[in-house]
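A.B. asks: In my numbering, the protein residues as written are 9 to 299.
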Amino acid sequence: MSSQTVANAKVSPLAGTLGEAIAEFFGTFVLLLFGDGCVATFSLFNKLPGSGAFANEWIVIILGWGLAVMLGIYVAGAVSGAHLNPAVTLALAVRGKLPWSKVLPYWLAQLLGAFIAAIILFYVYKGAIDNATGSGNYATTVGGVFYTSPKAFVGTFGAFCDEFLGTALLVGMIFAITDGRNQPVQANLNPLIIGFLIVAIGASFGLNTGYAINPVRDFGPRLWIAIVSGGASLTSYTWIPIVAPLLGGVVGASIYDLTVGKVITARGLVQSGNAVSNAESVREVDETAAR
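(1) Assign GLY188 to buried or exposed, taking buried as 16 or more other Cβ atoms, counted over all protein chains shown, within 10 Å of its Cβ.
(2) Can you confirm whether the region 145-157 touches the region 200-220 when touching is taken to mean that 3 or more C-beta pairs between the two stretches lie within less than 8 angstroms?
(3) Report buried or exposed for VAL171, applying the criterion of at least 16 other Cβ atoms within 10 angstroms of its Cβ.
(4) State the CB to CB distance for the pair ALA208 and VAL259, rounded to an integer number of angstroms; the pair is presumed to be in contact (CB under 8 angstroms).
(5) What are the boundary residues of the alpha helix (DSSP H) that GLY228 is part of?
(6) List, from N- to C-terminal side, the alpha helix (DSSP H) runs of 4 residues or more that fit wholly inside the region 58-146.
(7) Based on Cα-Cα distance, which residue from THR273, ILE233, ILE235, ASN222 lies nearest to PRO94?
(8) Would the beta-carbon of ILE248 fall within 9 angstroms of that of PHE168?
(9) Rounded to the nearest angstrom, what separates TRP115 and LYS18 at their Cα positions?
(10) Can you confirm whether the region 188-203 touches the region 232-239 when touching is taken to mean that 3 or more C-beta pairs between the two stretches lie within less than 8 angstroms?
(11) For VAL290, which residues from the same chain have a beta carbon less than 6 angstroms from its beta carbon, with the 5 sequence-adjacent residues on both sides left out?
(12) For ARG275, which three-state DSSP category applies?
(13) Where VAL271 and LEU22 are concerned, what is the direct C-alpha to C-alpha distance, given to the nearest angstrom?
(14) Beta-carbon within less than 8 angstroms of VAL293's beta-carbon, same chain only, minus the 5 sequence neighbours each way: which residues are those?
(15) Quick check: the Cα distance between GLY180 and LEU266, rounded to an integer number of angstroms?
(16) Does the region 196-215 come close enough to the region 116-124 to have 3 or more Cβ pairs within less than 8 angstroms?
(17) From what residue to what residue does the alpha helix (DSSP H) around LEU150 run?
(18) Is the Cβ-Cβ distance between ALA126 and PRO229 less than 9 angstroms?
(19) Tell me the rounded alpha-carbon separation between HIS91 and PHE227.
(20) How would you label ASN198, buried or exposed, when you count the other beta carbons within 10 angstroms and need 16 or more for buried?
(21) When burial is assigned at 16 or more other CB atoms within 10 Å of the CB, is TYR131 buried or exposed?
(22) DSSP three-state label for MET9, please.
(23) In three-state terms, what does DSSP make of SER262?
(24) DSSP three-state call for THR186: helix, strand or coil?
(25) Closest to GLY174 by CA distance: which of ILE67, ALA84, GLY257, SER244 is it?
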């Protein structure tokens, strides 16, 4: 790339203050969304009947999920990238970062992993489950241990939006965290940071639906409980934690790629061009001095 080419190249407005402003907008947007979302979750839930112990229990649950995601990524990260979530897999394929031929095998493997884990968990806790169930149905008594469901005050549209938004945040933030151009952490810290991300989403958006934000996290265990409960777990809600996360993940990834990702690319091209221009200027000075 010659200095003339660099000079004539059209500089994207995203490489300057506009790009910086866009980044600040999204950074502040995420800050307030998670921060106020967390306040809303705990403040509003504590106003519900019989919810006095919610805060302590929910903190343990979201920490457990965060650690679970972290450990899962450490297990599979070096081999497959540890998507562990069909929404992540689909988003990567849509954004051209994963061959489409891998989507179905990944999805099937993820669903099978969730299904087998549910079976093992069911039998490990069979005594406690039967004690809690009594003469009732597994789906109506302990279904919440295995899959998510909306609160009574949450309608279909609200539940869909909740899962859509939670997954959009999850996948968009994963794209940001794993983007090597965007203040990258060391690769072996990615699982820990993403685990904290899961905790943050749970603290901020766990109230309405229990935040599945992963189709197989909900449907794999739900399928097992359907087998042992005569299909009682397959309700009219079943499709929401499948479809909403898949769509939300694609939107979250696309928003990152088309905003902050483009800003980083534009700034990188300008910096690269400046480096080439500076190098050529130095060479010209050296050649002049040598004459």
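We put the beta carbon where it would ideally sit given N, CA and C, even for glycine.
C.D. replies: Checking against the coordinates, here is how it stands:
(1) GLY188 is exposed by the Cβ-count criterion.
(2) Yes, since at least three Cβ pairs between the region 200-220 and the region 145-157 fall closer than 8 angstroms, the two stretches touch.
(3) A small fix is needed here, since residue 171 is Glu in this sequence, not Val. With 16 or more other Cβ atoms within 10 Å, it is buried.
(4) At roughly 19 angstroms, the Cβ-Cβ gap does not stay under 8 angstroms, so ALA208 and VAL259 are not in contact.
(5) From DSSP, the alpha helix (DSSP H) with GLY228 extends over 223-236.
(6) For the region 58-146, the full-length alpha helix (DSSP H) segments reaching 4 residues or more read 62-88, 94-102, 111-132, 134-141 along the chain.
(7) Answer by Cα proximity: ASN222.
(8) Yes, Cβ-Cβ distance for ILE248 and PHE168 is below 9 angstroms.
(9) C-alpha separation (whole angstroms): 42 angstroms.
(10) No: the two stretches stay apart, fewer than three of their Cβ pairs being nearer than 8 angstroms.
(11) At VAL290, the pLDDT of 46 sits below 50, so the modelled position is not reliable; the number obtained from the coordinates is stated separately. For VAL290, where only same-chain residues beyond five positions count, there are no Cβ hits under 6 angstroms.
(12) Helix at ARG275.
(13) The alpha-carbon atoms of VAL271 and LEU22 are separated by roughly 5 angstroms.
(14) Residue placement at VAL293 cannot be trusted, given a pLDDT of 45 that sits under 50; what the coordinates show is reported in the next sentence. Counting only Cβ-Cβ distances below 8 angstroms, and skipping sequence neighbours, we find nothing.
(15) Cα to Cα, GLY180 sits roughly 11 angstroms from LEU266.
(16) Output reads no: the region 116-124 does not touch the region 196-215.
(17) Note that residue 150 corresponds to Val in the displayed sequence, not to Leu. DSSP places VAL150 in no alpha helix (DSSP H); its state is neither H nor E.
(18) Judged by their CB atoms, ALA126 and PRO229 are nearer to each other than the 9 angstroms cut-off.
(19) Each residue's CA atom was taken as its position, placing HIS91 and PHE227 some 16 angstroms apart.
(20) ASN198 counts as buried, since no fewer than 16 other beta carbons sit within 10 angstroms of its beta carbon.
(21) By the neighbour-count rule (16 or more Cβ atoms within 10 Å), TYR131 is not buried but exposed.
(22) No answer about MET9 holds up, because its pLDDT of 49 lies below 50 and its placement is not dependable.
(23) The answer is helix: DSSP assigns SER262 an H, G or I state.
(24) Three-state DSSP puts THR186 in a helix.
(25) Nearest option by C-alpha distance: GLY257.
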